[in-house]
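Q: Everything in the sequence shown is counted per the working numbering, starting at 30 for the first residue and increasing by one.
Cβ coordinates follow ideal geometry from the N, Cα and C atoms, glycine included.
Owing to the predicted nature of the structure, the values given are computational and were not obtained by experimental measurement.
Have a look at this one before I ask anything.
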Amino acid sequence: MSGFIPKAVILEKGKEYYFCNCGKGQDQVFCNGAHKGTGKTPSKFSVDETKEYHLCTCKKSSNLPYCDGSHAK
Ligand code: FES
Numbered sequence: 030m031s032g033f034i035p036k037a038v039i040l041e042k043g044k045e046y047y048f049c050n051c052g053k054g055q056d057q058v059f060c061n062g063a064h065k066g067t068g069k070t071p072s073k074f075s076v077d078e079t080k081e082y083h084l085c086t087c088k089k090s091s092n093l094p095y096c097d098g099s100h101a102k
């Protein structure tokens, strides 16, 4: 167990989101610019349906930006 849990967020169809890949600021899942100097960049993504999604915060999911249960392994 890593101590990370996925973050439940409502995402809107057609909107562009930037998923944080650097892991800085662990209670957020979206890029806030804190990656500067880490060599990492955010991933742009969007969804086909407006609903609640569980986004990965441990960055180990093989289906980023979505949680696949890897945080519990
Ligand atoms: S703050 Fe983490 S990728 Fe931008």
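State the DSSP-derived secondary structure class of S37, mapped to helix, strand or coil.
A: Locating residue 37 in the sequence shown gives position 8, where the first residue counts as 1. Note that residue 37 is Ala in the sequence shown, not Ser. Three-state result, A37: strand.
Q: List the whole-angstrom C-beta distance separating E41 from T70, where the pair is believed to meet the contact cut-off of C-beta under 8 Å.
A: Here residue 41 is taken as the residue at index 12 of the sequence shown, counted from 1. Here residue 70 is taken as the residue at index 41 of the sequence shown, counted from 1. 23 Å between Cβ atoms; not a contact.
Q: Between K42 and the ligand FES, is the CB less than 8 Å from at least one heavy atom?
A: Against the sequence shown, residue 42 aligns to sequence position 13. The answer is no for K42.
Q: Run the CB neighbour count on V58, radius 10 Å, all protein chains shown included, and call it buried at 16 or more, exposed below.
A: Start at 1 with the first residue of the sequence shown, and residue 58 comes out as number 29. Flag for V58 reads buried.
Q: Going by DSSP, what residues sit across from S72 in a beta bridge?
A: The residue you call residue 72 lines up with position 43 of the sequence shown. Partner(s): F48.
Q: Where DSSP assigns a beta bridge to K80, which residues make up the other side?
A: For this step, residue 80 is matched to residue 51 along the sequence shown. DSSP output for K80 lists L40 as bridge partner(s).
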